[in-house]
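Residue numbers (this note's numbering): -10 to 57.
Using N, Cα and C, we set each Cβ at its ideal position, and we do this for glycine too.
Below: one structure, written as C-alpha coordinates.
This is the structure in C-alpha coordinates:
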(Lines of atoms letter the chains of each structure in order from A and count residues from 1; the text may use other names and numbers.)
(Lines give C-alpha, C1' and ligand atoms only; values in the text may rest on other atoms or scores of the structure.)
Protein backbone atom coordinates (compact mmCIF):
# COMPACT_ATOMS: atom_id res chain seq x y z
CA UNK A 1 0.00 0.00 0.00
CA UNK A 2 1.10 3.54 -0.63
CA UNK A 3 0.17 6.74 1.16
CA UNK A 4 0.71 9.50 -1.32
CA UNK A 5 2.45 12.76 -0.41
CA UNK A 6 2.45 15.52 -3.00
CA UNK A 7 4.12 18.83 -2.20
CA UNK A 8 4.03 17.92 1.50
CA UNK A 9 0.30 17.16 1.52
CA UNK A 10 -0.86 13.65 2.39
CA UNK A 11 -3.64 12.21 0.29
CA UNK A 12 -5.80 9.64 2.04
CA UNK A 13 -6.07 7.06 -0.71
CA UNK A 14 -4.20 3.77 -0.63
CA UNK A 15 -2.93 2.29 -3.87
CA UNK A 16 -1.31 -1.02 -4.73
CA UNK A 17 1.97 -1.37 -6.66
CA UNK A 18 1.96 0.35 -10.03
CA UNK A 19 -1.30 2.17 -9.29
CA UNK A 20 0.67 4.42 -6.94
CA UNK A 21 3.16 5.24 -9.69
CA UNK A 22 0.39 5.81 -12.24
CA UNK A 23 -1.29 8.28 -9.89
CA UNK A 24 1.92 10.32 -9.56
CA UNK A 25 2.77 10.53 -13.27
CA UNK A 26 0.79 13.77 -13.96
CA UNK A 27 2.54 15.52 -11.06
CA UNK A 28 5.97 14.34 -12.17
CA UNK A 29 5.28 15.48 -15.73
CA UNK A 30 4.25 18.98 -14.66
CA UNK A 31 7.25 19.31 -12.31
CA UNK A 32 9.73 18.11 -14.92
CA UNK A 33 8.27 20.43 -17.58
CA UNK A 34 8.65 23.40 -15.23
CA UNK A 35 12.12 22.45 -14.01
CA UNK A 36 13.67 21.73 -17.43
CA UNK A 37 12.25 24.86 -19.06
CA UNK A 38 13.32 27.04 -16.13
CA UNK A 39 16.87 25.64 -16.29
CA UNK A 40 17.02 26.31 -20.05
CA UNK A 41 15.78 29.88 -19.53
CA UNK A 42 18.40 30.46 -16.83
CA UNK A 43 21.17 29.18 -19.11
CA UNK A 44 20.00 31.40 -21.99
CA UNK A 45 19.84 34.42 -19.68
CA UNK A 46 23.34 33.78 -18.34
CA UNK A 47 24.77 33.40 -21.84
CA UNK A 48 23.19 36.67 -22.99
CA UNK A 49 23.93 38.79 -19.89
CA UNK A 50 27.00 37.09 -18.33
CA UNK A 51 25.26 37.20 -14.94
CA UNK A 52 22.88 34.80 -13.20
CA UNK A 53 19.17 35.41 -13.60
CA UNK A 54 17.72 37.58 -10.79
CA UNK A 55 15.63 35.64 -8.27
CA UNK A 56 12.50 37.72 -8.92
CA UNK A 57 12.70 37.08 -12.68
CA UNK A 58 13.21 33.38 -11.96
CA UNK A 59 10.06 33.32 -9.80
CA UNK A 60 8.00 35.02 -12.52
CA UNK A 61 9.22 32.60 -15.17
CA UNK A 62 8.53 29.63 -12.91
CA UNK A 63 4.96 30.81 -12.35
CA UNK A 64 4.51 31.27 -16.10
CA UNK A 65 5.73 27.72 -16.78
CA UNK A 66 3.46 26.30 -14.09
CA UNK A 67 0.40 27.94 -15.71
CA UNK A 68 1.15 26.35 -19.12
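{"query": "List in chain order: all unbroken beta strand (DSSP E) runs of 3+ residues lying wholly within the segment 19 to 51.", "result": "none"}
{"query": "Kindly indicate which three-state DSSP category residue 9 falls into: helix, strand or coil?", "result": "helix"}
{"query": "Please identify the residue among 11, 32, 18 whose C-alpha is closest to the C-alpha of residue 58.", "result": "The structure shown does not extend to residue 58, since the chain spans only -10 to 57, so no value can be given for it."}
{"query": "Below 8 angstroms on the Cβ atoms is my contact criterion, and I expect residue 59 with residue 47 to pass it. Report the Cβ-Cβ distance as a whole number of Å.", "result": "Residue 59 lies beyond the stretch modelled for the chain, which goes from -10 to 57, so this question has no answer here."}
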